[in-house]
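Per the numbering used here, the sequence shown starts with residue 52, numbered consecutively. Ideal placement from N, C-alpha and C gives every residue a C-beta, glycine not left out. Some notes on the structure that comes next.
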Amino acid sequence: MSTAETARTWLFVPGDRPERFAKAAAAGPDVVVLDLEDAVAPASKDAARGHVIDWLPRAEVTVAVRVNAAGSAWHDADIAALAALDAPTTVVLPKADSPEIVAAVLAALPEGSAIVALVETALGIARAIDLARSPGVVRLAFGSYDLAAELGVDPDHAPALAPARGNLVLASAIGGLAGPIDGVTGDVRDHERLTADVTAAAALGFAGKLCIHPGQVAPTATALAPTPDEVAWAERVLAAATEDGVALVDGRMVDAPVVARARRIVSLTRPNPGEAR
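In structure tokens:
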């Protein structure tokens with residue numbers, strides 16, 4: 052079972068659609084994200100919370116809960132319901148603008164709980180390093196659509212959001228976290244666009260993706276996994292590496308940073324999360 056610290060595919064499922072919970076799990080994501088926020092209409096918030104709280108203790112997969120943002124009408128009730136379970140929970144925290152917000156949520160949750168800070172505002176981007184260093188934060192995630200709306204840019208125009216993505220990658224590295232989780236690809240039918248989005252984000256240093264449809268899980272997992280050529284190169288590098296100094300592989304110098312990259316590639320060669328288990 053994957054953990055939030057290393058998970059690559061994160062599949063949202065609306066909290067008010069309990070009949071979809073098991074189907075989401077069956078799609079094989081690393082994490083099923085039970086959503087109490089954007090996917091749930093205001094009139095259904097209380098019912099959704101009840102469904103999520105009922106299913107969480109019975110879930111046989113890794114689960115996170117996206118609560119409503121701090122300051123919203125439903126946030127306190129969401130956190131109180133999770134706290135009442137008296138079991139560690141991974142919370143996807145929207146509008147994670149400051150370490151203070153993170154600390155308040157973590158303090159209210161059972162010991163051992165974790166926060167995925169969903170950074171989706173300009174203020175959150177500016178404070179990303181502090182968020183990544185905050186106790187209890189295990190990953191940063193990118194809320195690309197909300198940030199694009201605030202900035203007045205097209206969320207599908209990658210250059211407009213490239214500085215924000217780069218900032219999250221740097222912040223994650225400074226905080227000692229795995230690469231951040233990229234935002235959603237809105238067109239659930241266009242797998243070519245999905246693959247292009249994931250590949251571009253991975254090239255920047257992202258190590259995960261938020262998915263909004265079961266059909267996005269397997270293509271995302273494949274796009275995030277190292278290619279056979281990358282794995283073969285990494286294995287050659289590790290075979291040639293010595294503690295005595297620099298080696299050559301394919302005519303190129305191999306030193307400590309190159310070996311570190313090779314080790315990371317090999318570490319990612321576990322079975323794709325989207326494959327049958």
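Open item on the list: On the criterion of 16 or more Cβ atoms from any shown chain inside 10 Å, does M52 qualify as buried, or is it exposed?
Closed with: Any answer about M52 is weak, because its pLDDT of 41 lies below 50 and its placement is not dependable; what the coordinates show is given next. Label assigned to M52: exposed.
Whose C-beta lies closer than 7 angstroms to the C-beta of L107 among residues of the same chain, with five residues either side of it excluded?
V114 and L136
Does the distance from the CB of I166 to the CB of L202 come in under 8 angstroms? no
(message) Can you give me the C-alpha to C-alpha distance between A283 and R314, rounded to a whole angstrom?
(response) 12 angstroms
Inset, instruction - Determine the closest residue to L85 out of S123, L133, A298 and A94, with distance taken between C-alpha atoms. - result: L133
| V153 and L198: beta carbons closer than 8 angstroms? | no
From C262 to V156, what does the alpha carbon distance come to, in whole angstroms?
24 angstroms
Would you mind listing the alpha helix (DSSP H) stretches within the region 233-273 that are 4+ residues and don't spill past its ends, in chain order?
242-255
Exercise for review: Starting from V309, trace the beta strand (DSSP E) both ways and give me its first and last residue.
Suggested key: Segment A307 to S318 is the alpha helix (DSSP H) holding V309; no beta strand (DSSP E) there.
- Task: Can you check DSSP and say which residues form a bridge with L62?
- Result: V83 and C262
First and last residue of the uninterrupted alpha helix (DSSP H) at A120: From DSSP, A120 is part of no alpha helix (DSSP H); its letter is neither H nor E.
Taking R240 as the reference, give the member of I180, A90, R71 and P270 with the closest Cα. P270
**OP:** Take A200 and list the residues in its own chain whose beta-carbon comes closer than 7 angstroms to its own, dropping the five residues that flank it on each side.
**Re:** none
Q.
For the alpha helix (DSSP H) containing L219, name the first residue and the last one.
A. A209 to I225
(Q) So, under 8 angstroms CB-CB, V64 and V82 are touching, yes? Tell me the CB distance rounded to an integer number of Å. (A) Wrong, their Cβ atoms sit about 11 angstroms apart, outside the cutoff.
Who are T141's beta bridge partners in DSSP? A115 and A165
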